[in-house]
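Novice:
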Amino acid sequence: LGSGRDLANDHGCADLGYRLLDETIEATEGRFQYMLAALCALANFVDAAETMMLGLLYPTLAADFGLEEEQLALIASLSNAGMLIGAVSFGKLSDLYGRKHTFVVSMVLVLTFGLASSFAKDLVTFSVLRLFLGLGYGGNLITGTTLLVELVSHHHRGLWVSVTNVGFGIGALAIAGISWAVIPLLGWQWLLRIAALMAVPALCLLYWVPESPRFFIMRDNFEACVSAMEYVAHVNGKGLPVDFTPARLRVLHAKSPHVVAEPETWRNCWGNQKLLRWSVLRTLVPLAACWFLNAFATVINNWIPMHAMANFPSRENIIYEVALVQAAGLGLGTVC
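Residue 93 in the numbering used here sits at position 93 of the sequence shown, with consecutive numbering throughout.
1. Rounded to whole angstroms, how far is the Cβ of Phe90 from the Cβ of Ser106, which I believe are closer than 8 Å?
2. What whole-angstrom Cβ distance do Val299 and Ala308 have, given they're in contact under 8 Å?
3. Mapping the DSSP letters down to three states, classify Ala120 as helix, strand or coil.
4. So is Arg99 buried or exposed if we call it buried at 16+ other beta carbons inside 10 Å?
5. From Val43 to Asn140, what does the alpha carbon distance come to, in whole angstroms?
6. Since I believe Gln189 is in contact with Ser118 (beta carbons under 8 Å), could you give me their beta-carbon distance rounded to a whole number of angstroms?
7. Between Val163, Leu135, Phe65, which has its C-alpha nearest Ala120's C-alpha?
8. Once you ignore the five residues that flank Trp266 on each side, which residues in its own chain have a CB closer than 7 Å to its CB?
9. Can you name, in chain order, every residue of its own chain whose Cβ lies under 6 Å from the Cβ of Ile142, other than the five neighbours on each side?
10. By the three-class DSSP mapping on this structure, what secondary structure does Gln326 have?
11. For the candidate residues Leu84, Val166, Ala62, whose alpha-carbon lies nearest to that of Trp291?
12. In angstroms, rounded to a whole number, what distance separates the CA positions of Thr112 and Ile170?
13. From Leu324 to Leu252, what distance separates their C-alpha atoms?
14. Is it the case that the Cβ atoms of Ser212 and Ala195 are separated by a distance below 9 Å?
15. Give the secondary structure of Trp266 by DSSP, where H, G and I count as helix, E and B as strand, and everything else as coil.
Structure representation (structure tokens):
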């Protein structure tokens, strides 16, 4: 791959098959990666629309369903419970069935239950439907990001993820503006339908994205790994390096010290022994704390527009104005 180095003798690499794949991705990177980044940004856009609209729905739902403010907390509780379950389950399911397939399923959940919740007639039905939508949202966060980082150069993964996160900020801004136009004119039901249908373009784009070649190495399917990379290279107008072959991947992967003889199945993939190692925990715990604080702040922010409307009754559109300011701050945060 340009360096002429014998990877088989490089014992410093955790998995030589993955190392060869990373160097091949870097050698063939091009417009496919931009398309994939746009897809993941679109998925983040949809996620932002579904989560950030809740604060704008609370006053209308309270009026339509005859609810007290405390009762509305059920919606946020079940939505976030779904996100938690989705994030945990889709991560492991993607190791079993592939990143692309689980990404598709998560987007279908967002589309299906987003649309279904627009037909809810009471609080319990609406909250349960948002629970299942949360499963899809939590799955999107995991599978979309994983698919992206496994198909871009390892030197630029942080940059690619940052770029796609801008989609979340844009989505928050867009849904605040759309809500201002749609809710007073057509009602909250049509806002939910519009937000759910935003998942359709992402699903269409996913048709043209191959499965992660790294996943194929995990499953010892080296022929499929090479086929996936041939497609990526073809889209980018490049050819694969001559030494990127199923036979060489098989040899290099077998030489890796961490390869386990027993493949993962749905019965044995839920263990947490690896998570309890200090080398993992010292990174995992701070990241988990950041996600906790992020989710905590998001839930609180969703209540601010409703309370602004109650405290400033003379400002007719205060709920949308506050939401736009919040979304602008979120958008700036994703850019910076």
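Quick reminder that beta carbons are idealized off the backbone N, C-alpha and C, glycines included.
Please read all numbers here as calculations on a predicted model, not as lab measurements.
Specialist: In short:
1. Position 90 of the sequence shown, counting from 1, holds the residue named residue 90. Position 106 of the sequence shown, counting from 1, holds the residue named residue 106. The beta-carbon separation of Phe90 and Ser106, rounded to 6 Å, stays under the 8 Å limit for a contact.
2. As a first step, residue 299 is located in the sequence shown; it is residue number 299 there, counting from the start. As a first step, residue 308 is located in the sequence shown; it is residue number 308 there, counting from the start. Rounded, the Cβ-Cβ distance is 16 Å, inconsistent with contact.
3. Counting from 1 along the sequence shown, the entry for residue 120 is found at position 120. The three-state secondary structure of Ala120, taken from DSSP, is coil.
4. By one-based count along the sequence shown, residue 99 stands at place 99. The residue in question, Arg99, is buried, as its Cβ has 16 or more Cβ neighbours within 10 Å.
5. For the purposes of this step, residue 43 is taken as residue 43 along the sequence shown, with counting starting at 1. For the purposes of this step, residue 140 is taken as residue 140 along the sequence shown, with counting starting at 1. One detail in the question is off: residue 43 reads as Ala in this sequence, not Val. Ala43 and Asn140: Cα-Cα distance of roughly 7 Å.
6. As a position in the sequence shown, residue 118 is number 118, starting the count at 1. As a position in the sequence shown, residue 189 is number 189, starting the count at 1. The Cβ separation is near 4 Å, so the contact holds.
7. The residue given as residue 120 occupies position 120 in the sequence shown. Looking at the Cα atoms, Phe65 is the closest of the given residues.
8. Working through the sequence shown from its first residue, we reach residue 266 at position 266. Residue confidence is low: Trp266 scores 48 on pLDDT, short of 50, so the model does not pin down where it sits. Its coordinate-derived value is still stated next. So the qualifying residues of the chain are Leu96.
9. As a position in the sequence shown, residue 142 is number 142, starting the count at 1. For Ile142, where only same-chain residues beyond five positions count, the Cβ hits under 6 Å are Ala87, Phe90, Gly91.
10. Stepping through the sequence shown from its first residue, residue 326 is reached at position 326. Judged by DSSP in its simplified three-state form, Gln326 adopts helix.
11. Taking the first residue of the sequence shown as position 1, residue 291 is located at position 291. If we check each option's Cα against that of Trp291, Leu84 comes out closest.
12. For the purposes of this step, residue 112 is taken as the residue at position 112 of the sequence shown. For the purposes of this step, residue 170 is taken as the residue at position 170 of the sequence shown. Cα to Cα, the separation comes out at about 23 Å.
13. Sequence index remark: in the sequence shown, residue 324 carries index 324 (1-based). Sequence index remark: in the sequence shown, residue 252 carries index 252 (1-based). Linking Leu324 to Leu252 through their CA atoms gives a straight-line distance of about 53 Å.
14. By one-based count along the sequence shown, residue 212 stands at place 212. By one-based count along the sequence shown, residue 195 stands at place 195. Contact flag unset, no.
15. The residue labelled residue 266 in the question sits at position 266 within the sequence shown. Residue placement at Trp266 is flagged as unreliable, the pLDDT there being 48, under the threshold of 50; the coordinate-derived value follows with that caveat. In the displayed model, Trp266 falls within coil according to three-state DSSP, outside both helix and strand.
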